[in-house]
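Asks: Residue numbers (the working numbering): 10 to 1151.
We put the beta carbon where it would ideally sit given N, CA and C, even for glycine.
Remember, predicted model here, so these are calculated numbers, not experimental data.
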């Protein structure tokens, strides 16, 4: 018996009704599914030819693909295991597989399975392949990689791993060429990853890119400025930019090769590598035949998002088989990650899969998602887009498949603040109007950029509307995550003043603006004093002001640390603080100091500790307005874990640098979160693809100016972009930069302008597609918004899509006329608000009532004269401990991290107490004098003014490091120009310095630096290449971590086991005597132990020396303590320190 497509749909409807009956569910019977003529043609299409289906947004393509699979199985055209379905996301693949499972059960229930399969309907699913493109490629790579010498067990990297490996490739790149890029490390990492991935997506080797840029330079560099007889003699901009980018790309090719090498060495691959490696493998006849013979029918979903290498892989396997590709060229918005919309072109598709046979084109033009009012505006915006992949010659217009109605509203008020307010009112009204007998309405706010979400989020919250920012970019908008990251930055960076202000003014301490201003006054007071708190001369203060930024010179974090150490509230440095502000800041400083001592612990545990110390865990539990809550924290912890798995020595500093990069990269990726009832989800348009909501607002629909369009247009002169001549889809990209036919720089400039114009047209097409995606996310009601004014001085006009919709009269309200004002009436800071904001906000009445209830319950408990509980005893003990601490009867906690350079001070504080007492007593600084000599060392020192010797040492170390790495050495002085001159370069001359403190640099220091450099160049290490330079290793020592910052490590030539030599550069004087040398030798011993433990090298194979460059003296201590001896010594110091406080 032959079944029609409608027979399959009817069988599924009957099965769903049967399930409803068995479950006893009330309500009306299941409405039968009636397929459209378009669907029937696709489901029961020719089984011997390929088909290309253009499926509009919400047109039921997943349902249609499911029907196609079931129709093939029911009519005996194929077994289930002979059908392969592929899509992009696991969510989509799971949905397709689930529908097929349901359909198989329906066929079995209706007796429609082929003979012999009725009893095994559901189990047949496990023979089906409903998978993702990447999973399919990985299967080929895993099973057959060994045939081409590949490691089929290689792990797929996360974005975090890729970033770390690219960073390692850049940092370890040899020679000086990388310095010539004149880019930040972050920019180099971005460009490296972009070039590597684009090369993979287009099946281009780095050698091909190198040849291209060399050919470009060889042809362009000798071009004269003009041959047109003009007097123009200035090189053309395109000429200069092209040569600059070509030179950078040439260097980046080497970094990309290094990155790829690291991936191979660590047996790691990226998602794009899976496709490329699988493509290489299927060129082997054995592999191709075995994989291709497994399938007779192939269904390709979201085909508009496939890349050139994906199509090459699939066509290598399935050309000549029955392939059906389903996609929507109007939704091709992922070109930035390698997708090529031209794959949907009929001639391109059929040439790839059916070169010898004529195929069929179909359309799915009924949307089962959107109301017709929404579809009208979407059709209008999509009208100018290319339509060559549409079956109908009349074009492609989406029509509503359901009878429900919706609305399209447009608002375009004066300012962005007005826009945010109006959006919030719109959602408030729509939620109120939503029928109460239906499920809760789902809602979303979409914008082009993540930054545009924040002001609208605030406006929604003011209206009491719950919000949820989706994706990792939204994660960093969640208040609890912001507080965590701010705390981590304050712990790590003394310049994180704005983050500190957020913490101090927040719910934890609620410090007033007046006291925050007083904290700034304390910072200013400290910046004008030396380490003895003596005021610097006016000249010194001016020199400091000229040499550093004001922010660097006045650290609020250092001021808070100072307040924490002060016991005298009348101290002039804290005189402006209120009594309450002083106590709260002391508490805040203590909490931050405690956290700082644990900065070396496991990052995931550190985040949990931050939450506990900052009371964020209690806030999560108590605040009913936080909709994401613990889920946001778990997502953040997953991010931390992801980072930790990519680095052998993950540190807090590197993690903080990395999260900024991850946030930027992931904001363009689609999310897979489910819509939430009565919650407005906030996300970018890129991230919204594939999702739908009842209510959607598209914000900030404003026109881009010409400069912004040109800046956003992808050109290969933007570092990291592949030249169009090398792209696999170059035939569909319009004009390229025709530099080869240029006879002079003017020709080159003209061809570049034409090339940019063509690229701009591609960009505008992509933006129109993005708008189409945004419009089609709404099932019922749609709001389109913008504003005339935002933060700039220039008025912003409505986007061209809004103008088109308004001109067609498709919105309920027309666009307002342009405003008459010529000056921006809105400023970001013009709104009057109470700051710091009340921490409880609108929750305050409920929280106060709860507080009152708790207090009354406690009072009742006391009056009841119950027997004392064990809990009361514990509370009494804790209170007694608190009292002892407040009276100074406790020792200063030992810091978790000890610098190796300070280890000798701890030893001296115990073995020679009298030598550790500073001339400036704690009492002279208003600091508590209690504690043993060892305890005095443990106290966190005040910030010290850098001395000239220290500054010279820093410059010398930087010079040695860059010289060792082969980079261009940074210099503070241009010695040839300034040694004998009096140029005003911001340093003090020897003659004018007089008696002021020696904490500024002068001409003599420049000569001293030059002398140190010359001495080093005659040293034994001048011509040797270090294996490591400026390496930081954390050495466990007892319960603490010793931070060892090793200057350089050299490997010595040896016939036996390799030997290593640690060298510590010293620009000061050599040790005065044996006792001084013995104290300094602790530092070398720690360095040797750290290097031994970190690399697994026996200590006996490691030497350690001091090189005192100024004296040209090499000192090798006769004996260094071993690791076990250092540990015994340290435990003894800890025990002695503990006894001193008893």
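1) Buried or exposed: which applies to residue 886, given that a residue is buried once 16 or more other Cβ atoms fall within 10 Å of its Cβ?
2) Report the three-state DSSP secondary structure of residue 7 (helix, strand or coil).
3) Mapping the DSSP letters down to three states, classify residue 477 as helix, strand or coil.
4) DSSP state of residue 1118, grouped into three classes?
5) Could you tell me which uninterrupted alpha helix (DSSP H) segments, each at least 4 residues in length, are contained entirely in the segment 192-278, listed from first to last along the chain?
6) Return the CA-CA distance between residue 917 and residue 502, expressed in angstroms with no decimal places.
7) Just the C-alpha distance for residue 11 and residue 70, rounded to the nearest angstrom, thanks.
8) Using the Cβ count rule (16 or more neighbours within 10 Å means buried), how would you classify residue 1144?
9) Do the segment 752-768 and the segment 376-383 touch if we need at least three Cβ pairs shorter than 8 Å?
10) Does residue 5 pass the burial test, meaning 16 or more other C-beta atoms within 10 Å, or should it be called exposed?
11) Could you tell me which of 785, 148, 319, 720 sits nearest to residue 64, measuring between CA atoms?
12) Please report the Cβ distance between residue 586 and residue 509, rounded to the nearest whole angstrom; I am assuming they are in contact, meaning their Cβ atoms lie under 8 Å.
13) Leaving aside the five residues before and after residue 1131 along the sequence, list all residues of the same chain whose C-beta is less than 8 Å from its C-beta, in chain order.
14) Verify whether the separation of the beta carbon atoms of residue 778 and residue 722 is less than 7 Å.
15) Helix, strand or coil, according to DSSP, for residue 8 in the structure here?
16) Residue 1056 lies in the beta strand (DSSP E); which residues open and close that run?
17) If you compare alpha carbons, which of 83, 92, 138, 95 is closest to residue 112?
18) So, at 6 Å on beta carbons, what are the nonlocal neighbours of residue 620 in its own chain, with the 5 sequence-adjacent residues on each side left out?
19) Starting from residue 522, trace the alpha helix (DSSP H) in both directions and tell me its first and last residue.
20) For residue 820, I'd like the list of residues in its chain whose CB is within less than 6 Å of its CB, leaving aside the five on either flank, ordered along the chain.
21) How many Å lie between residue 1104 and residue 910 at the Cα?
22) Measuring alpha carbon to alpha carbon, tell me which of 284, 226, 183, 193 ends up nearest residue 165.
23) If you draw a straight line from the C-alpha of residue 646 to the C-alpha of residue 1030, how long is it?
24) At which residues does the beta strand (DSSP E) containing residue 573 begin and terminate?
25) For residue 1085, which option in 392, 1126, 1069 has the closest C-alpha, if you only look at C-alpha atoms?
26) Would you identify the three-state DSSP class for residue 662, choosing helix, strand or coil?
27) Per DSSP, which one or two residues make a beta bridge with residue 451?
28) Under 8 Å Cβ to Cβ from residue 612, same chain only, skipping five residues before and after it: list those, please.
29) Beta-carbon separation of residue 703 and residue 315 under 7 Å?
30) Leaving out five residues on either side along the sequence, give the residues of the same chain with a beta carbon under 6 Å from the beta carbon of residue 287.
31) I'd like to know whether the C-beta atoms of residue 441 and residue 468 end up nearer to each other than 7 Å.
32) Counting only the same chain and skipping the five closest in sequence on each side, list residues whose C-beta sits under 7 Å from that of residue 751.
33) Can we say the segment 28-43 touches the segment 95-105, given the rule of at least three CB pairs closer than 8 Å?
34) Give me the DSSP bridge partner(s) of residue 1037.
35) Assign residue 1106 to one of three DSSP states: helix, strand, or coil.
36) Cβ of residue 772 versus every heavy atom of the ligand MG: is any distance shorter than 6 Å?
Replies: Taking the coordinates as given:
1) exposed
2) Missing from the structure shown is residue 7; the chain here goes from 10 to 1151 and no further.
3) Here residue 477 sits in strand by DSSP.
4) Secondary structure at residue 1118: coil, using DSSP grouped into helix, strand and coil.
5) 194-210, 215-229, 246-274
6) 30 Å
7) 23 Å
8) exposed
9) no
10) Residue 5 cannot be examined here, being either before or after the span of the chain that is shown, 10 to 1151.
11) Residue 785 is the option with its Cα nearest to residue 64.
12) About 15 Å; that fails the 8 Å criterion.
13) Counting only Cβ-Cβ distances below 8 Å, and skipping sequence neighbours, we find 1094, 1098, 1108.
14) Cβ distance not < 7 Å, so residue 778 and residue 722 don't count as in contact.
15) Examination of residue 8 is not possible in this model, given that the chain is present from 10 through 1151 alone.
16) From DSSP, the beta strand (DSSP E) with residue 1056 extends over 1049-1061.
17) It is 83 whose Cα lies nearest to the Cα of residue 112.
18) Counting only Cβ-Cβ distances below 6 Å, and skipping sequence neighbours, we find 626.
19) 522-536
20) 417, 419, 814
21) 21 Å
22) Minimum Cα distance to residue 165 is reached at 284.
23) 45 Å
24) Note, residue 573: premise wrong, no beta strand (DSSP E); alpha helix (DSSP H) at 565-574.
25) The shortest C-alpha separation from residue 1085 is found at 1126.
26) helix
27) 686
28) Closer than 8 Å at the Cβ level, and outside the excluded window around residue 612, lie 649, 652, 653, 659, 661, 664.
29) no
30) 146, 149, 150, 322
31) Contact: no.
32) The answer, listed in chain order, is 232, 757, 760.
33) no
34) 1058
35) coil
36) This structure lacks the ligand MG; in fact it carries no ligand of any kind.
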